[in-house]
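Residue numbers (the numbering used here): 1489 to 1664.
#1: Let's see if you can read the secondary structure: which residues bound the beta strand (DSSP E) around residue 1645?
#2: Assess contact between the region 1590 to 1607 and the region 1615 to 1635, defined as three or more Cβ pairs (one per stretch) separated by less than 8 Å. Is contact present?
#3: When we look at the beta-carbon of residue 1548 and count the other beta-carbons within 10 Å, is it buried (16 or more) or exposed?
#4: So the alpha helix (DSSP H) residue 1618 belongs to, where does it begin and stop?
#5: May I ask you to report which of helix, strand or coil DSSP gives residue 1586?
#6: Only counting runs of 3 or more residues, tell me where the beta strand (DSSP E) segments fall wholly within the region 1529 to 1606, in order along the chain.
#7: Please state the DSSP three-state secondary structure of residue 1659.
#8: From 1529, 1565, 1530, 1586, pick the residue whose C-alpha is nearest to that of residue 1629; which is it?
#9: Going straight from the alpha carbon of residue 1645 to that of residue 1625, what length do you get?
#10: Under 9 Å between the Cβ atoms of residue 1570 and residue 1632?
#11: Within 10 angstroms of the Cβ of residue 1611, are there 16 or more other Cβ atoms? Answer buried if so, exposed if not.
#12: Where does residue 1524 sit, in a helix, a strand or coil, going by DSSP?
#13: Within its chain, find whatever has a CB closer than 6 Å to the CB of residue 1472; leave out the 5 residues flanking it on each side and keep chain order.
#14: Can you grab the Cα-Cα spacing for the pair residue 1524 / residue 1593, in whole Å?
Written out as structure tokens, the structure reads:
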């Protein structure tokens, strides 16, 4: 059964899965196993260290900022747009994102993700870690909120299932 969000996209012909492509709101997508992303991040970290992890974060931020800007035109209001983008992130397989707090005037937000599939897969393959893990999702969240707030912001993962925390928690804040 499709979620109400995907059902709505299907209804307005903004979601299609064909033999050779997947399109959502006019953008091409592809599916891949989470394990592939976990192994990619681990390989990048081993080869390039913190600079490689920063690159994963920055690419997530830039690509989602661009996608967010492009998709904003499909929504009738800022709040509906924000809700749609959170749904897209959830449907990409990043887990059940929940926005706990938004303080627009302070360019601040708190997000939690329960049952984060990326972190769970990382632990399954490589065990618990000392540091938080989800650089791509942190970048994606930063990209969305940079568009939502109208100013570039950063996102930091404060706690992570990959560190034996019960959930992943992210803080969006203004750049210094």
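Where a beta carbon is used, it is the ideal one built from N, C-alpha and C, also for glycine.
The answer reads as follows:
#1: 1641 to 1647
#2: yes
#3: buried
#4: Premise fails: residue 1618 is in no alpha helix (DSSP H) and is neither H nor E.
#5: strand
#6: 1584 to 1591, 1596 to 1602
#7: strand
#8: 1586
#9: 9 Å
#10: yes
#11: buried
#12: helix
#13: Outside the displayed span of the chain (1489 to 1664) sits residue 1472, for which this structure offers no information.
#14: 38 Å
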